Every structure is written in C-alpha cells, then in structure tokens.
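Residue numbers (full-length UniProt numbering): 1 to 127. Think of the CB as a built atom: it goes at the ideal place given N, C-alpha and C, for glycine as much as any other residue. As the structure is a computational prediction, the values presented were derived from the model and not from experiment. A quick write-up on the structure given underneath.
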C-alpha cells in the first residue's frame with residue numbers, strides 16, 4: 001500500500017496572515033489512511049418499475065422469465081443468464097421511469113403514464 005503524502009497546509013491567524021512554520025501548533029490529529037467509497041444509481045424518483053414491481057437496475061419480469069427458461073433448456077448455464085444487459089429503462093416526459101418492455105406493453109392498451117395519467121411521450125432511454 002502506498003504512503004499518504006504529507007501536505008503542508010498554511011495556517012492563518014485572526015488577521016488572515018499566514019503563520020510561519022515555527023509558530024504553528026502541532027495538529028490535533030493526522031490522517032494516516034483514507035479509503036474512498038462510491039456508489040451510483042439512476043437519477044430517478046423511484047428505483048422500482050411501477051408496472052412489474054422489479055428494481056429498474058434488474059431485468060424486468062419478462063427478461064427474468066426468459067433467462068430462467070433459457071437456463072433450464074440450456075446445457076451451458078453461463079450463456080443463458082447474460083440477459084441482464086438486455087433490459088432497457090425508459091423515462092417519459094413526466095419524469096417517471098419503467099422497463100421498456102413493461103411500458104411498451106402498457107402503451108398498447110393506454111397511451112398515458114401508469115402513475116399520473118399524463119399523455120406518454122418518451123424522453124430518454126437508459127441501458
């Protein structure tokens with residue numbers, strides 16, 4: 001593991017003058033190790049598809065079912081479970097997001113958003 005470099009940050013007195021190295025106090029603590037952690041998510045109000053109730057970061061119910069059927073019919077399970085990348089999310093102009101498969105089926109019956117009944121227009125697609 002690499003060592004953390006020492007950075008000398010100037011200190012200021014009450015008149016905003018830089019205090020010399022000899023006048024500076026010993027710091028109360030030293031940071032010896034710092035591990036940054038980050039997460040990501042879609043910029044959405046809800047993380048779940050309101051139609052199929054699955055998480056938007058996971059495949060929709062149809063894709064999960066197709067992957068399960070392929071898995072049971074396949075001799076190589078690794079080839080059949082790669083369907084996770086194939087499910088796209090769609091966001092409407094109203095700001096609500098759904099799996100593309102789910103909202104496409106919904107729009108065959110009604111041309112409105114399932115949550116707020118506004119006329120549905122696609123705004124963007126996310127993979």
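Secondary-structure assignment with DSSP links residue 99 through a beta bridge to 89. Collapsing the DSSP output to three states places residue 61 in a helix. Residue pairing of residue 119 in beta bridges, as defined by DSSP: 112. Ranked by Cα distance from residue 96, the options 112, 87, 105, 108 are led by 112. In the structure shown, the three-state DSSP call for residue 124 is strand. With contacts defined as CB atoms closer than 8 Å, residue 126 and residue 93 fail to qualify as a contacting pair. The closest CA to that of residue 27, considering only 38, 9, 62, is found on 9. Sequence-distant partners of residue 101 (beyond 5 residues in either direction) whose C-beta falls short of 6 Å from its own C-beta, in its chain, are 60, 62. Residue state for residue 66 is assigned as helix, using DSSP reduced to three classes. The beta carbons of residue 66 and residue 56 sit about 18 Å from each other, so the pair does not count as a contact at 8 Å. Residues of the same chain with a CB within less than 7 Å of the CB of residue 119, apart from the 5 flanking positions on each side, are 111, 112 in chain order. Note on geometry: alpha-carbon atoms of residue 104 and residue 124 lie some 14 Å from one another.
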